[in-house]
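A quick write-up on the structure given underneath.
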Amino acid sequence: MLSRLDLRGDSGPVASRLPRPEAAPAGPLEAVRAIIAEVRERGDDALRELTERFDGASPASLTVAPDEIANAAARTPDRVREALAAAAANVDAYHRHQLLDDSVHNRGGVTVTERHLPVRRAGCYVPGGRAAYPSTLIMTTVPARVAGVDEIAVCVPPGPDGRIADVTLAAAATVGIDEIHPAGGAQAIAALAYGTESIPAVDVIAGPGNAYVALAQREVAGVVGVPAAFAGPSEVVVMADAGADPTFAAADVILQAEHGPDGLAWLVTWDEATAGAVEAEVARLAARADRRAEIEATLRNSGYSVVCSSAEQALEVVNEIAPEHLELLVADPEALVPQVRNAGAVFCGPWAPASLGDYAAGPNHVLPTDGTARFAGALGVRDFLRSMHIVSTDRAGLEGLAPHVIALAEAEGLTAHAESVRLRLAPQIERTGGES
């Protein structure tokens, strides 16, 4: 089920040997742009029609009533509600350490205060369709709440019955979110960005989704804030040495693949026997998995077993791929971590599968995909904050910087900038053009 790629004996750069997903073809991008335009023009009417077309659902309302959220939570089994509460508490605790205090900088008589302000309204996208993702509701809304966002709107694709899964609504009840809309896909992103009759526009949109959702977020970036990471289909690279348990490694290759097609699931090793053993285990575990069809679709399109000549070459492969999740099933994972430059999240050793981070460890599971881990990281509190600086000084402070400001302004041909400083420091008679 995993395609074998043997890099041994190849001493050159690995980039040209690695299969990489192509850039988004014109078809999906054009479809996304058409959806966005339709929602901008016709609001709720377009949102209802697109929800019926793409999700096969006709929600009674585009806003979930508070009593429906409460009733769904009451129907959710106790053990699941306890797990949601534990996960929410861990995610909250972790993200609180990301909060930034205001800072004050003094130099040459000029005081600059930097404040970090939350956006007023945030939109959180939670996937649906193939599965319910209450964990993503927690991962997107809790950092926004920690940041101090006043209003949080959640969009979730409805099921065929027009309703959002009980467990997702239970997660909303757990974290205190009461604005939820049964809308998904690119149409939900458009609604959050531009607003409709039922969904007021937001300032920031966060959350993972399929390629259409991720492309839609790129299209509306600039109209609203969108994290730099491309949070698209799930990815995992498992690095394993000769001592790795093949069953553990195979299970971890599969765990992200069950999200469905268009993702990425790779094994990287420098031991051929390990590659063979893990490949056999992947086939065995996939054959009995509940979501066999999704796993096989992912592995068929982008499942690889890469055999390298050394750990160094394996790390080169990892850094070239820049995966969303990287698992280090090796004897001394901490020794390799400093050599990992590009990855959304790294999981060390046999007792830290990526699923730990997906649900309850505390860090965010909304991570960069499609190579964007080269320049972006996990969703966090900072994605819901704006930095604003406040500058103050007295006459002496202005006098100290005036020659430099005037010289630079005049060098750029912006004489009015220079004059705004010169006039402040000129004698009164020069400012008024007459006797003071």
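Numbering (this note's numbering), first residue to last: 910 to 1345. Just so it is clear, CB atoms sit at the ideal spot from N, CA and C, and this is done for glycine as well. Treat the numbers as computed from the prediction; the structure is a model and nothing was measured.
Original post:
From the DSSP output, which residues share a beta bridge with L1294?
Top reply: Under DSSP, L1294 forms a beta bridge with P1027.
**OP:** Taking 9 Å as the cut-off, decide whether the C-beta atoms of D915 and V1216 are in contact.
**Re:** A Cβ-Cβ contact shorter than 9 Å links D915 with V1216.
Subject >> Residue from H1014, A1287 and L993 with nearest C-alpha to H1298 >> reply: Ranking H1014, A1287 and L993 by Cα distance to H1298 puts H1014 first.
Original post:
When the Cα atoms are used, what is the spatial distance from L1323 to R1333?
Top reply: 17 Å
Subject >> DSSP beta-bridge partners of L1235 >> reply: V1146 and V1255
Original post:
Taking C-alpha atoms, which residue in V1065, P1069 and D1070 lies nearest to L1078?
Top reply: V1065
Original post:
Anyone know if the C-beta pair for L1176 and A1184 falls short of 9 Å?
Top reply: yes
Original post:
Whose C-beta lies closer than 7 Å to the C-beta of D1001 among residues of the same chain, with five residues either side of it excluded?
Top reply: Within the same chain, D1001 has close Cβ partners V1051 and V1055.
Subject >> Cα-Cα separation, I945 to A1198 >> reply: So the two alpha carbons sit approximately 37 Å from each other.
**OP:** Identify every residue that forms a DSSP beta bridge with S1301.
**Re:** S1301 is bridged to T1020.
Original post:
Is there contact here, the region 1102-1113 with the region 1028-1043, by at least three beta-carbon pairs under 8 Å?
Top reply: yes
Original post:
Among residues of its own chain, excluding the 5 on either side of V1246, which ones have a beta-carbon nearer than 8 Å to its beta-carbon?
Top reply: L1237, V1255 and C1257
**OP:** Kindly list the residues whose CB is nearer than 6 Å to the CB of A1285, restricted to its own chain and excluding five residues on each side of it in sequence; keep chain order.
**Re:** A1137, A1138 and P1277
Original post:
Excluding sequence positions up to five away, which residues of its chain have a Cβ less than 6 Å from the Cβ of A1151?
Top reply: D1180 and T1183
Original post:
Using the beta-carbon count (16 or more within 10 Å), is V1129 buried or exposed?
Top reply: Burial check for V1129: the Cβ neighbour count within 10 Å reaches 16 or more, so the residue is buried.
**OP:** Identify, in the order they occur along the chain, each residue of the same chain with its Cβ nearer than 6 Å to the Cβ of V1135, setting aside the five sequence neighbours on each side.
**Re:** I1114 and Q1126
Original post:
Which of the three DSSP states, helix, strand or coil, is assigned to R913?
Top reply: strand
Original post:
In terms of DSSP beta bridges, what is N1015 paired with?
Top reply: Bridge partners of N1015: T1020.
Original post:
Would A1205 be called buried (16 or more neighbouring beta carbons within 10 Å of its own) or exposed?
Top reply: It is worth fixing the name first, because residue 1205 is Glu in this sequence and not Ala. So E1205 ends up on the buried side.
Original post:
Residue range of the alpha helix (DSSP H) that P1336 falls in?
Top reply: Unbroken run through P1336: none, as it is neither H nor E.
Subject >> When V1147, G1169 and A1244 are compared against R1201, the one with the closest alpha-carbon >> reply: Comparing alpha carbon positions, the residue from V1147, G1169 and A1244 closest to R1201 is G1169.
Subject >> Collapsed DSSP secondary structure at S1044 in the structure displayed >> reply: DSSP places S1044 within a helical segment (H, G or I) once states are collapsed to three.
Original post:
Straight-line CA distance for L938 to E1319?
Top reply: 45 Å
Subject >> C-alpha gap between L971 and S912, whole angstroms >> reply: 44 Å
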